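Only one structure is covered here, and it is reproduced in the block below.
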Amino acid sequence: MRLQSASAVILFLAILLLVLTGLFPSPTMIGLTALVISGLVLWQAYAILRDDSEPVPLEKRSGFKGYLRR
């Protein structure tokens, strides 16, 4: 999944949960929303770190053997 697509899905889910929490403001829903949004933040961080939309050419070797430089 591309970074832009993942970010759009994450933002949509976060806004949907906030709207549902506003409609049903119970302690359980607030706790569930906090838990899920923290998971979405971790998913966003993973998507940013995993962003492989731009391939790295093998010629660009860094000083360390086996590591590629972007």
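Residue numbers for the sequence shown follow the working numbering, beginning at 2 and rising by one. Using N, Cα and C, we set each Cβ at its ideal position, and we do this for glycine too. What you are looking at is a predicted structure, and each value in this text was computed from that prediction instead of being measured.
Note to self: Please report the straight-line C-alpha distance between residue 14 and residue 37, rounded to a whole angstrom.
What the structure shows: Within the sequence shown, residue 14 is the residue found at index 13, counting from 1. Within the sequence shown, residue 37 is the residue found at index 36, counting from 1. Between residue 14 and residue 37, the C-alpha separation is close to 9 Å.
Item checked: Distance, residue 45 Cα to residue 12 Cα -> Residue 12 sits at position 11 when you count from the first residue of the sequence shown. Residue 45 sits at position 44 when you count from the first residue of the sequence shown. Going from the Cα of residue 12 to the Cα of residue 45 covers about 9 Å.
Next item on the list: Work out the CA separation of residue 34 and residue 10 for me, nearest whole Å.
Entry: Reading the sequence shown from its first residue, position 9 is the one you call residue 10. Reading the sequence shown from its first residue, position 33 is the one you call residue 34. So the alpha carbons of these two residues sit roughly 16 Å apart.
Checklist line | As assigned by DSSP and simplified to three states, the class of residue 27 | finding: Counted from its first residue, the sequence shown places residue 27 at position 26. Note: residue 27 maps to coil in three-state DSSP.
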